[in-house]
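Below: one structure, written as structure tokens.
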Amino acid sequence: MKSDILANECRKTSIERIDTQIKLGNNSIGFLNKNSSIAEMEKSYNQWVRGTEAILRQIFKNNQKTKEFLFNVERNINKFSKIESQNMLSEGIESGIKFLQILKEEIDNDKYSGTKESDNGNDYYLERNVALIIVRRILKNFYKHIQVMYQEKIHGKGTIKKEDLSKIKIGNEYDVVIEVKCTRKSMTERNLTEEMGADAFHYKTDYLFFFVYDKENIIKNVDAFTKGYKRKKSDFGTDIEAIVNQPINM
């Protein structure tokens, strides 16, 4: 496989340009946290996204990484709620920054300038990343997914029927496992963590998602819980990520 990085773009320069976008992304998050209007917040978000998109198109010969970045940052504002818009746009930029940080490490490790063939001869790694992004986004927005796919009526002009949706199957080409956990009244957050730790050892897989339905709201700080349970394959033998959904009124 030929280099994915442009011939006139050395690793050092690529990393410096990505570093700049990470700093600008953090600045944009700071701006969103100020008392700005929804229009101003959306403008700041769009400027950062489009600027980063342009940089990635210049660094890489193909558009795959650019598409993955845009998939990560895509968020919709709620024009009737300033707080919700602020949270959604901040979440999108934070997701984009994480993507850039991983990309920067990969470039630094010379991942895109070698001659090593991909496992299936067709950008296997890139396809696997997209698959993980899709799984992650569905799990994080599980209620919306269920509502749109199975509860709302199909649009009159739609060609897919509800019974056809149940026939959709997703293969497991990328060695990804989703373990579903549901909290009980007798369970504490510590009990849940211990159960997840024990379950993790049962799976010999590349990537393990713990999809936690916190029915009893025992997790007090969801962000801290998910960040604290993230594991890297290099340290643990498996990439592990926890995604928590708590009951909401629909």
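With the first letter of the sequence shown counted as 1, position 68 gets the number 53 in our numbering; the numbers rise by one all the way through. Where a beta carbon is used, it is the ideal one built from N, C-alpha and C, also for glycine. Keep in mind the model is a prediction, meaning the values are calculated, not measured.
As the crow flies, the alpha-carbon of residue 203 is around 7 Å from that of residue 168. Taking the C-beta atoms as reference points, residue 58 is found no nearer than 8 Å to residue 29. DSSP places residue 198 inside the beta strand (DSSP E), whose first and last residues are 192 to 198. For residue 198 and residue -3, the gap between their C-alpha atoms comes out near 43 Å.
In this model, residue 17 and residue 84 are separated by some 20 Å (Cα to Cα). Going by DSSP, residue 11 is part of the alpha helix (DSSP H) stretching over -4 to 17. Rounded to whole angstroms, the gap between the alpha carbons of residue 61 and residue 74 is 8 Å.
Under the DSSP assignment, residue 25 falls in the alpha helix (DSSP H) whose first and last residues are 23 to 44. Minimum Cα-Cα distance from residue 42 among the listed residues 63, 175, 3 corresponds to 3.
Judged by DSSP secondary structure, residue 78 falls outside any beta strand (DSSP E) and instead within the alpha helix (DSSP H) spanning 67 to 93.
Counting along the chain, the unbroken alpha helix (DSSP H) around residue 174 starts and ends at 174 to 185. The C-beta separation of residue 223 from residue 184 comes to about 11 Å, leaving the pair out of contact by the 8 Å criterion.
Straight-line spacing of the CA atoms in residue 94 and residue 194 works out to 26 Å. Approximately 5 Å separates the beta-carbon atoms of residue 201 and residue 170; this is inside 8 Å, confirming the contact. At a Cβ-Cβ threshold of 8 Å, residue 82 and residue 7 count as neighbours. In this model, residue 221 and residue 32 are separated by some 38 Å (Cα to Cα). At a Cβ-Cβ threshold of 8 Å, residue 162 and residue 120 do not count as neighbours.
Under the three-state reduction of DSSP, residue 208 is assigned to helix. In the structure shown, residue 220 adopts helical secondary structure according to DSSP, grouped into three states.
Shown here for residue 51: same chain residues with a beta carbon closer than 8 Å to its own, the five before and five after excluded, namely 38, 41, 42, 45 in chain order.
Across the structure, residue 78 and residue 90 are spaced so that their CA atoms are roughly 18 Å apart. One Cα belongs to residue 228, the other to residue 187, and the distance between them is close to 19 Å.
In this chain, the alpha helix (DSSP H) harbouring residue 53 covers 49 to 58.
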